[in-house]
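Counting in this note's numbering, the first sequence runs without a single skipped number right up to 912 at its last residue.
Beta carbons: idealized from backbone N, C-alpha and C, even for Gly.
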Amino acid sequence: MTETPQQSPTAGPNSTPTELPTQYAPADVEGPLYERWVERGYFDADAKSDKDPFTVVIPPPNVTGSLHLGHAFEHTLIDAVTRRKRMQGFETLWQPGMDHAGIATQNVVERELAKEGKSRHDLGREAFVERVWQWKGESGGQISGQMRRLGDGVAWSRERFTMDEGLSQAVQTIFKRLYDDELIYRAERIINWCPRCLTAISDIEVEYQDDDGELVSIRYGEGEETLVVATTRAETMLGDTAVAVHPEDERYKHLVGKQIKLPLTDRTIPVVADAHVDPEFGTGAVKVTPAHDPNDFEIGQRHDLPNIAVMDEHAVITVPGPFQGQDRLEARSAIVAALRAEGRIVAEKRPYTHSVGHCSRCKTTIEPRLSMQWWVKVAPLAKAAGDAVRDGRVKIHPQEMEKRYFDWVDNLHDWCISRQLWWGHRIPVWYGPNGEVVCVGPDEEPPTGEGWTQDTDVLDTWFSSGLWPFSTLGWPEQTESLAKFYPNSVLVTGYDILFFWVARMMMFGLYAMDGTPPFHTIALHGMVRDQFGKKMSKSFGNAVNPLDWMDKYGSDALRFTLARGANPGVDVPIGEDWVQGSRNFANKIWNATRFALMNGATVEGPLPDASELSATDRWILSRLNSVVAEVDAYYEDYQFAKLSDALFHFAWDEVFDWYVELSKTTFMGGGRAAEVSARVLGEVLDVTLRLLHPVVPFVTEALWTTLTGKESVVIADWPTAVLVPGADTTDGFRDQDAEKEIETVQQVVTEVRRFRSDQGLQPGQRVPARLDLTGTALAAHEAAMRSLLRLQPAGEDFAATASLPVAGATVALDLSGAIDIEAERKRLAKDLAAAEKEKAQTTAKLGNEAFLAKAPDKVVDKIRTRLETAEADIVRITAQLERLPKA
RNA sequence: GGGCGCAUAGCUCAGCGGUAGAGCGCUGCUCUUACAAAGCAGAUGUCACAGGUUCAAAUCCUGUUGUGCCCACCA
Numbered sequence: 026m027t028e029t030p031q032q033s034p035t036a037g038p039n040s041t042p043t044e045l046p047t048q049y050a051p052a053d054v055e056g057p058l059y060e061r062w063v064e065r066g067y068f069d070a071d072a073k074s075d076k077d078p079f080t081v082v083i084p085p086p087n088v089t090g091s092l093h094l095g096h097a098f099e100h101t102l103i104d105a106v107t108r109r110k111r112m113q114g115f116e117t118l119w120q121p122g123m124d125h126a127g128i129a130t131q132n133v134v135e136r137e138l139a140k141e142g143k144s145r146h147d148l149g150r151e152a153f154v155e156r157v158w159q160w161k162g163e164s165g166g167q168i169s170g171q172m173r174r175l176g177d178g179v180a181w182s183r184e185r186f187t188m189d190e191g192l193s194q195a196v197q198t199i200f201k202r203l204y205d206d207e208l209i210y211r212a213e214r215i216i217n218w219c220p221r222c223l224t225a226i227s228d229i230e231v232e233y234q235d236d237d238g239e240l241v242s243i244r245y246g247e248g249e250e251t252l253v254v255a256t257t258r259a260e261t262m263l264g265d266t267a268v269a270v271h272p273e274d275e276r277y278k279h280l281v282g283k284q285i286k287l288p289l290t291d292r293t294i295p296v297v298a299d300a301h302v303d304p305e306f307g308t309g310a311v312k313v314t315p316a317h318d319p320n321d322f323e324i325g326q327r328h329d330l331p332n333i334a335v336m337d338e339h340a341v342i343t344v345p346g347p348f349q350g351q352d353r354l355e356a357r358s359a360i361v362a363a364l365r366a367e368g369r370i371v372a373e374k375r376p377y378t379h380s381v382g383h384c385s386r387c388k389t390t391i392e393p394r395l396s397m398q399w400w401v402k403v404a405p406l407a408k409a410a411g412d413a414v415r416d417g418r419v420k421i422h423p424q425e426m427e428k429r430y431f432d433w434v435d436n437l438h439d440w441c442i443s444r445q446l447w448w449g450h451r452i453p454v455w456y457g458p459n460g461e462v463v464c465v466g467p468d469e470e471p472p473t474g475e476g477w478t479q480d481t482d483v484l485d486t487w488f489s490s491g492l493w494p495f496s497t498l499g500w501p502e503q504t505e506s507l508a509k510f511y512p513n514s515v516l517v518t519g520y521d522i523l524f525f526w527v528a529r530m531m532m533f534g535l536y537a538m539d540g541t542p543p544f545h546t547i548a549l550h551g552m553v554r555d556q557f558g559k560k561m562s563k564s565f566g567n568a569v570n571p572l573d574w575m576d577k578y579g580s581d582a583l584r585f586t587l588a589r590g591a592n593p594g595v596d597v598p599i600g601e602d603w604v605q606g607s608r609n610f611a612n613k614i615w616n617a618t619r620f621a622l623m624n625g626a627t628v629e630g631p632l633p634d635a636s637e638l639s640a641t642d643r644w645i646l647s648r649l650n651s652v653v654a655e656v657d658a659y660y661e662d663y664q665f666a667k668l669s670d671a672l673f674h675f676a677w678d679e680v681f682d683w684y685v686e687l688s689k690t691t692f693m694g695g696g697r698a699a700e701v702s703a704r705v706l707g708e709v710l711d712v713t714l715r716l717l718h719p720v721v722p723f724v725t726e727a728l729w730t731t732l733t734g735k736e737s738v739v740i741a742d743w744p745t746a747v748l749v750p751g752a753d754t755t756d757g758f759r760d761q762d763a764e765k766e767i768e769t770v771q772q773v774v775t776e777v778r779r780f781r782s783d784q785g786l787q788p789g790q791r792v793p794a795r796l797d798l799t800g801t802a803l804a805a806h807e808a809a810m811r812s813l814l815r816l817q818p819a820g821e822d823f824a825a826t827a828s829l830p831v832a833g834a835t836v837a838l839d840l841s842g843a844i845d846i847e848a849e850r851k852r853l854a855k856d857l858a859a860a861e862k863e864k865a866q867t868t869a870k871l872g873n874e875a876f877l878a879k880a881p882d883k884v885v886d887k888i889r890t891r892l893e894t895a896e897a898d899i900v901r902i903t904a905q906l907e908r909l910p911k912a
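Below, the structure written as structure tokens:
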């Protein structure tokens, strides 16, 4: 769809034909540019470099499928940060890689198998794992393809996978060290069991939601010795081994120590006194099922109660009798029915809304279950992880998130790390024939001989990703890369994995790297949502494949839209219309650069001396330097939305709109003035493109290389304040007077345009006009203003029918009787009313003693100025109204 | 049950003590020689509600209502 290259019709002295088409076609440039960047090694990181390092790791995407908009968002932010640092001269490493995502990936592959009517057991462990590797190959390829499309500047040669050889070594090493330090142990506890995934999961992998259940109150015991307990999981009563009451509870004191009959069984169970029981809640008596409830388990420990498991791993009743073989839900209603038949149900509450745990992977209701598992003793590790933030060595951004972090690390239970899965790092522990337990580190031979077997479980996937900031650099080997790039500089990730991943990296990093935290800043971003702020999900039908929008609008457009919505720590809505708007912005940059090139914009040679610059030139250079400073400040504070917005408005409104329009007459006039402006425009574009590059890398690369003739903006210097020869500034050119002057020009132009529009004049219609600019600084801008306002020189027969005094200047127009007097009268009346209101307000304020006494001078001055402006406006408008011919 | 956050233009959000802002959308008029993926002009807000502090409150405090998120072993 490329159009014939256009040539500037007004071919001035500097105009050259340009090869750029009139519309930016991202698809034509993005792919080749990315491949060129990679080939030239711009993204590689050299551990031998003497530059200061800047390191950031990718939050490794799961190899479960393809990237979604959330990844596109995260990658945009990380890429922007690292591209800027690279331009600033740091030895920059963006470490790429992927996560094997144990349970998630195993589930995906099992679903694939299910389509073929097979289960993983049909294949057997080895063949199944082989199959998952195959899946990883495909999915991983897809993911890296998407990252290339996005423009991610990662060091591909360093790509790692949490299950590759080196990282497996790291996993075994740290496991062994923690084991030897007694920070990893094996114990039988109540765990969160997923009867669908058939594995234990950790506490944070359980999602609680309010479910409707039924609370039944059951009478236990016989005759005088009865009490009532309540439960939502009636089936667990088969495993009850006690009833607990509060030690001080008078109602039950006589029963403590007695045995009472457990209904539906031939067992009797003791009544125990335990302070855990809240006498205020329910009946004050609690059934105790140590094998199926974490609290009950602890009560059981205190009172030496037996643990009776009543369900197998599929949550099917195993207790011999009428309920054996029934699923837990089936058994629940059957047992309630049986109890009712015995007259033991004394109350029912249905529905009873209560919080129920679900497997975060498959949503199946968790079944607490007694099980032998491996654990990390987190207390000492979590203490260190909390302290590193508390003492300021690690900053969390935005700071409000610190509270969440502390709440978690300060109240952490031990971490169950073993999983009854096949996909993952196998636990490096061997069991001997006589119950010996041997933990083996990397490069150690496992015990051989009769009866020795390796633990069949694998590790929680977050165990290996917790090592990511240093395992990717070669740890446990003391590599050059590790020395150079650890600790990481900043971690950019979503607040949703603050506990899963960030806290674990903190714990492991501090532990393995002798107390050096893995990064000094944690920048947390929000979740991508749809244009109405709704969560994106496949089932809701509002999920978007980032590739679709990149195909349609270009990667830059997607990236810019995402960056522009990125307020720290809060969710980011995105809609297709907005991406389209960003595409328009990219096109605008493209065309503005075309215009500049057609007019000879250049970066060759030094900037002209300050004495040669027009006020327009000085204004835009001054503004440019403010924006450079502003953008830097926003980057340091991870304010991506603000920096993107600042650049958007500076580029579009100030450079591409006002500067270009105000300079057109200069360019057309040719001569030295045009040369000067061409050099200034070249400079402004050069800097603006470099400022924009981290967020919109492709279009800026295409244009910057064309503009400057240099190799690549990827390796260009990050902008600093521009200096103008001959100007009395050392820290960057600024010119307040020029800024004021152009502001006035803008006011005049806007005011006259408003008048023209109100009068129904066609935008292109030329009107004879006389401009009285005496006593103002605007004389130099007359040609530009006439051009912008379509004003012709006043001829012999000029008759002013409208006269607009604005900002000290007067613009008289000859509308040759075409003026709509009523419209003008209305407009002026409206303006007059506004000015009078303003006058009244400011007068009142200035008459207020208290205000004058307490308000800062700056504010008082401002109010005075407002009053003066209002008074001047009133005079002006009144004069205009009087001058209006009678209708 | 605890903790945190949010309520500002039709939508999504900035602003966080001194004249209400942006993007998108909407209404007019224009192919004005970089760009119609554009230009110009315009409309639209008791800044959730009620109190309080202050010369001054969208902005600070208290309460109310609505809403979202995180955490939690009350059967």
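Less than 7 Å between C-beta atoms, sequence neighbours within five positions excluded: which residues of the same chain meet that for residue i?
| i | result |
| --- | --- |
| Phe620 | Val685 |
Measuring alpha carbon to alpha carbon, tell me which of the options ends up nearest residue i.
| i | options | result |
| --- | --- | --- |
| Pro86 | Leu102, Gly122, Glu239 | Gly122 |
| Ala827 | Lys870, Glu776, Lys559, Ala859 | Glu776 |
| Thr7 | Gly558, Ala640, Asp670, Tyr520 | No statement about residue 7 is possible, as the shown extent of the chain runs from 26 to 912 and does not include it. |
| Asp845 | Gln784, Pro750, Val463, Leu796 | Gln784 |
| Val652 | Tyr663, Lys667, Leu638, Ala640 | Lys667 |
| Ser514 | Asp237, Phe79, Trp448 | Phe79 |
| Tyr430 | Gln159, Trp493, Tyr520, Arg150 | Tyr520 |
| Lys560 | Ser74, Leu94, Tyr49 | Leu94 |
| Gln790 | Thr801, Gly800, Arg778, Asp265 | Arg778 |
| Gly476 | Asp482, Gly466, Val462, Phe488 | Val462 |
| Ala763 | Ala875, Leu646, Lys862 | Leu646 |
| Asp596 | Gly630, Met552, Arg608 | Met552 |
| Leu437 | Phe557, Arg353, Gly534, Ala528 | Ala528 |
With C-beta atoms as the reference, is residue i less than 9 Å away from residue j?
| i | j | result |
| --- | --- | --- |
| Ile442 | Gln479 | no |
| Glu338 | Leu223 | yes |
| Ile216 | Phe525 | no |
| Ala727 | Ala626 | no |
| Ile767 | Trp603 | no |
| Val770 | Ala809 | yes |
| Val792 | Leu798 | no |
| Val738 | Thr730 | yes |
| Glu373 | Ser242 | yes |
| Gly579 | Tyr59 | no |
| Met188 | His125 | yes |
| Ile168 | Arg386 | no |
| Val401 | Thr390 | no |
| Trp743 | Arg109 | yes |
| Thr257 | Gly238 | yes |
Here's the rule I'm using: 16 or more other beta-carbon atoms within 10 Å means buried, otherwise exposed. How should residue i be labelled?
| i | result |
| --- | --- |
| Gln197 | buried |
| Leu45 | buried |
| Ser182 | exposed |
| Thr867 | buried |
| Asn650 | buried |
Starting from the C-beta of residue i, find all residues in its chain whose C-beta is less than 8 Å away, skip the five residues before and the five after it, and write them out in chain order.
| i | result |
| --- | --- |
| Gly350 | Val341, Ile342 |
CB-CB under 6 Å to residue i, same chain, minus the five flanking residues each way: which ones, in chain order?
| i | result |
| --- | --- |
| Glu637 | Val701 |
| Asp581 | Ala611, Val721, Phe723, Val724 |
| Asp299 | Ala269, Ile324 |
| Ala640 | Ala763, Glu766 |
Within the segment 561–610, ranges of the alpha helix (DSSP H) (whole runs, at least 4 residues) = 571–578, 580–589
task = Return the chain-ordered ranges of every alpha helix (DSSP H) run that is complete within the segment 467–530 and spans a minimum of 4 residues.
result = 486–490, 493–496, 505–510
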